[in-house]
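Novice:
Number of protein chains: 2
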Amino acid sequence: MAKTANRAYSRYTREAVELLAVMIREARIERKLPAKELAERAGISRGLLQRIEKGDPNCSLGAVFEVAYLLGIRLFDSDERALASTLVMSKEKLSLLPKMARKPARGVDDDF
Amino acid sequence: MAKTANRAYSRYTREAVELLAVMIREARIERKLPAKELAERAGISRGLLQRIEKGDPNCSLGAVFEVAYLLGIRLFDSDERALASTLVMSKEKLSLLPKMARKPARGVDDDF
DNA sequence: TTTAAGTGCTCTATTTATAGATCATAATTT
DNA sequence: AAATTATGATCTATAAATAGAGCACTTAAA
Numbered sequence: 001m002a003k004t005a006n007r008a009y010s011r012y013t014r015e016a017v018e019l020l021a022v023m024i025r026e027a028r029i030e031r032k033l034p035a036k037e038l039a040e041r042a043g044i045s046r047g048l049l050q051r052i053e054k055g056d057p058n059c060s061l062g063a064v065f066e067v068a069y070l071l072g073i074r075l076f077d078s079d080e081r082a083l084a085s086t087l088v089m090s091k092e093k094l095s096l097l098p099k100m101a102r103k104p105a106r107g108v109d110d111d112f
Numbered sequence: 001m002a003k004t005a006n007r008a009y010s011r012y013t014r015e016a017v018e019l020l021a022v023m024i025r026e027a028r029i030e031r032k033l034p035a036k037e038l039a040e041r042a043g044i045s046r047g048l049l050q051r052i053e054k055g056d057p058n059c060s061l062g063a064v065f066e067v068a069y070l071l072g073i074r075l076f077d078s079d080e081r082a083l084a085s086t087l088v089m090s091k092e093k094l095s096l097l098p099k100m101a102r103k104p105a106r107g108v109d110d111d112f
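For the protein sequence lines, the chains are A and B, in the order given. For the first sequence, counting from 1, position 72 maps to 72 in our numbering; every step adds exactly one. For the second sequence, counting from 1, position 101 maps to 101 in our numbering; every step adds exactly one.
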């Protein structure tokens with residue numbers, strides 16, 4: 001009852017994942033950092049780093065983000081302070097929204 | 001011999017993952033899209049979507065990116081055409097770099 | 001206020017990701 | 001050209017992720 005199997009990703013997703021992979025490999029090579037060493041710093045195996053740099057979408061988000069971070073790649077705010085406050089603001093905004101997503105019966109505002 | 005275990009993420013990574021999670025939940029609620037429906041569209045289970053919106057770093061990169069994409073969240077270029085060309089350029093740049101990361105013997109250019 | 005839908009949790013079976021080791025090959029340095 | 005390091009690939013055991021279902025509770029619509 002698991003059948004995770006072959007997922008169908010959108011083209012955007014596929015390219016975004018691959019771009020991130022290429023950016024990572026680029027940054028690593030530019031910094032002359034051997035895969036083995038980067039993997040150790042990130043707390044992952046060399047094999048996993050290899051998959052990440054290959055653009056495997058089945059790698060864990062945390063591992064990929066951590067590797068990117070160690071190489072100086074910032075997906076959101078470039079400094080931690082800014083990211084922290086952005087996060088706080090987003091949480092506040094979220095708290096103001098309704099807690100459930102319910103479609104108003106039928107008729108209007110539906111995304112066909 | 002797997003012992004994947006508890007990884008230690010940097011603060012930046014933790015916050016980046018959580019921010020993405022909040023952005024996703026925000027976008028979903030704003031669009032009045034029930035979790036069940038979004039999960040179906042993304043080809044994942046409702047349980048996984050729940051973990052994604054909770055900021056679990058152990059979710060697969062592809063699943064998270066796909067959900068974000070479906071909600072209109074673009075981590076890189078906003079339109080697919082731009083992303084595609086960015087990807088091509090990045091690949092070209094990568095092809096010009098040395099293929100291995102080797103540290104020049106000893107002495108200079110080391111990132112301590 | 002009633003009612004139905006959405007959500008959050010938990011549990012289990014199963015698939016899949018990951019670590020770790022090894023080996024052959026390729027790419028740099030010297 | 002020789003030496004050495006980095007990489008890519010493969011294999012195995014194990015841990016972890018995921019699907020799917022069920023259930024109580026909450027929320028918002030009517």
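Cβ atoms here follow ideal geometry from the backbone N, Cα and C, with glycine treated the same way. Predicted, not measured: the structure shown is a model, and the values here were computed from it.
Is it right to say residue 39 of chain A is buried, meaning 16 or more other beta carbons lie within 10 angstroms of its own, or is it exposed?
Specialist: Buried is the call here.
Novice: The alpha helix (DSSP H) that contains residue 27 of chain B, what's its start and end?
Specialist: Residue 27 of chain B -> alpha helix (DSSP H) spans 11-30.
Novice: Mark residue 89 of chain B as exposed unless 16 or more other C-beta atoms lie within 10 angstroms of its C-beta, in which case mark it buried.
Specialist: Flag for residue 89 of chain B reads exposed.
Novice: Name the chain A residues whose beta carbon is nearer than 8 Å to that of residue 103 of chain B?
Specialist: In chain order: 32 and 34.
Novice: Which residues in chain B sit within 7 Å of residue 93 of chain A, going by Cβ to Cβ distance?
Specialist: Neighbours of residue 93 of chain A on chain B, chain order: 26.
Novice: On a CA-only basis, which of B:64, B:92 and B:82 is nearest residue 9 of chain A? Give me that one, please.
Specialist: It is B:64 whose Cα lies nearest to the Cα of residue 9 of chain A.
Novice: Provide the residue(s) that pair with residue 60 of chain A in DSSP beta bridges, ordered along the chain.
Specialist: Bridge partners of residue 60 of chain A: B:60.
Novice: For the putative contact between residue 83 of chain B and residue 61 of chain A, defined by C-beta atoms under 8 Å, what is the C-beta separation to the nearest angstrom?
Specialist: About 19 Å separates the two Cβ atoms, so there is no contact after all.
Novice: When the cut-off is 7 Å and only beta carbons count, does residue 72 of chain B lie next to chain A?
Specialist: So no, residue 72 of chain B is outside the interface.
Novice: State yes or no: is the beta carbon of residue 61 of chain A nearer than 7 Å to at least one beta carbon in chain B?
Specialist: So, interface residue.
Novice: Rounded to a whole number of angstroms, what is the C-alpha to C-alpha distance between residue 55 of chain B and residue 104 of chain A?
Specialist: Between residue 55 of chain B and residue 104 of chain A, the C-alpha separation is close to 28 Å.
Novice: In chain A, which residues lie with their C-beta within 7 Å of the C-beta of residue 18 of chain B?
Specialist: Result: 87.
Novice: Which whole runs of the alpha helix (DSSP H) in the stretch 33-85 of chain A are 4 residues long or more, in chain order?
Specialist: DSSP runs (the alpha helix (DSSP H)) wholly in the stretch 33-85 of chain A: 35-42, 46-54 and 61-70.
Novice: Does chain B have any CB closer than 7 Å to the CB of residue 43 of chain A?
Specialist: So yes, residue 43 of chain A belongs to the interface.
Novice: If you draw a straight line from the C-alpha of residue 51 of chain A to the C-alpha of residue 43 of chain A, how long is it?
Specialist: If I take the Cα positions, the gap works out to 15 Å.
Novice: Since residue 39 of chain B meets chain A, which of its residues come closer than 7 Å, beta carbon to beta carbon?
Specialist: Here the premise fails: no neighbours, minimum Cβ distance about 12 Å.
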